[in-house]
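> First residue of the sequence shown: 33, per the numbering used here; consecutive thereafter.
Yeah, the Cβ is synthetic: ideal placement off N, Cα and C, and Gly gets one too.
Computed from a predicted structure; not experimentally measured.
Below: one structure in structure tokens.
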Amino acid sequence: MSQQVRPTITNGKTGVGNFGVGVMPDGTADSLRTVIKPDGFHFEAYDFDDLTLPSLKLQSPIGSEYTISFDDDGALLINGVEYTAPTNQGNETIKGNKTYEGQTKLSGGLQLLSPNGTVFNVKVDDDGKLTTEKEVSNDIANK
Numbered sequence: 033m034s035q036q037v038r039p040t041i042t043n044g045k046t047g048v049g050n051f052g053v054g055v056m057p058d059g060t061a062d063s064l065r066t067v068i069k070p071d072g073f074h075f076e077a078y079d080f081d082d083l084t085l086p087s088l089k090l091q092s093p094i095g096s097e098y099t100i101s102f103d104d105d106g107a108l109l110i111n112g113v114e115y116t117a118p119t120n121q122g123n124e125t126i127k128g129n130k131t132y133e134g135q136t137k138l139s140g141g142l143q144l145l146s147p148n149g150t151v152f153n154v155k156v157d158d159d160g161k162l163t164t165e166k167e168v169s170n171d172i173a174n175k
């Protein structure tokens, strides 16, 4: 199935008549196609085959405006800033060097790996004293 392409506009016509507002983008005196009628718009897919939108401007319910676009690498931009998907999902691995500013609170504990891969649980008591405890693997605990 071949894709239709908008016909070349030759002697295009516009008009108002008993049919409503008529716009005949690919019409000639012999062949007209009305795209706006009283019952709505009647577009064909090929009417938009060369449509290019550099960005979309959207408005929130309270009137804040947001511009959605893409950079040259295809990254999604919101107000010119690259969108980064949230990473607040459970059981994920985050790679790379990270720098945190401000307070970081850990709930549920902290584990550190030694150079050979041994897991140590870091604990703090109510006086602020830090201690480490080597984690016992389930294999050893189940024997």
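Going by DSSP in three states, TYR184 sits in which element: helix, strand or coil?
There is simply no residue 184 to check, as the chain begins at 33 and stops at 175 in what is shown.
> With DSSP collapsed to three states, give me the class of TYR98.
On the sequence shown, residue 98 is found 66 positions in, with the first residue counted as 1. Strand.
> Please go through the same chain and pick out, in chain order, the residues whose beta-carbon is closer than 7 angstroms to the beta-carbon of VAL151, but skip the five residues on each side of it.
Working through the sequence shown from its first residue, we reach residue 151 at position 119. Around VAL151: GLN143, LEU145, GLU167.
> If you follow the beta strand (DSSP E) that LEU144 is part of, which residue opens it and which one closes it?
On the sequence shown, residue 144 is found 112 positions in, with the first residue counted as 1. Note, LEU144: beta strand (DSSP E), 142 to 145.
> Please state whether DSSP places PHE80 in a helix, a strand or coil.
Taking the first residue of the sequence shown as 1, we reach residue 80 at position 48. It is helical.
> Relative to the alpha-carbon of GLY141, which residue among GLN91, THR163, HIS74, ILE68 has its alpha-carbon at the smallest distance?
Translated into the one-based positions of the sequence shown, residue 141 becomes position 109. Measuring from the Cα of GLY141, the nearest candidate turns out to be THR163.
> Could you name the residues that DSSP lists as bridge partners for LYS155?
Along the sequence shown, read from residue 1 onward, the residue named residue 155 stands at position 123. BP columns for LYS155 point to THR163.
> Anyone know if the C-beta pair for LYS89 and GLU76 falls short of 8 angstroms?
Taking the first residue of the sequence shown as position 1, residue 89 is located at position 57. Taking the first residue of the sequence shown as position 1, residue 76 is located at position 44. No, Cβ-Cβ distance for LYS89 and GLU76 is not below 8 angstroms.
> For LEU109, list the residues DSSP reports as bridge partners.
In the sequence shown, residue 109 corresponds to position 77, counting from 1. DSSP lists SER101, GLU114 as partners of LEU109.
> What does the alpha-carbon distance come out to for the pair TYR115 and PHE80?
Counted from its first residue, the sequence shown places residue 115 at position 83. Counted from its first residue, the sequence shown places residue 80 at position 48. If I take the Cα positions, the gap works out to 27 angstroms.
> Does the Cβ-Cβ distance between ASN153 and GLU165 come in under 8 angstroms?
Taking the first residue of the sequence shown as position 1, residue 153 is located at position 121. Taking the first residue of the sequence shown as position 1, residue 165 is located at position 133. Yes, the Cβ-Cβ distance between ASN153 and GLU165 is below 8 angstroms.
> Is SER87 near SER101, with beta carbons less than 8 angstroms apart?
Translated into the one-based positions of the sequence shown, residue 87 becomes position 55. Translated into the one-based positions of the sequence shown, residue 101 becomes position 69. Yes, they are a contact pair.
> Please confirm whether ASN111 and THR125 have their CB atoms less than 8 angstroms apart.
By 1-based counting over the sequence shown, the position of residue 111 is 79. By 1-based counting over the sequence shown, the position of residue 125 is 93. Cβ atoms of ASN111 and THR125: not closer than 8 angstroms.
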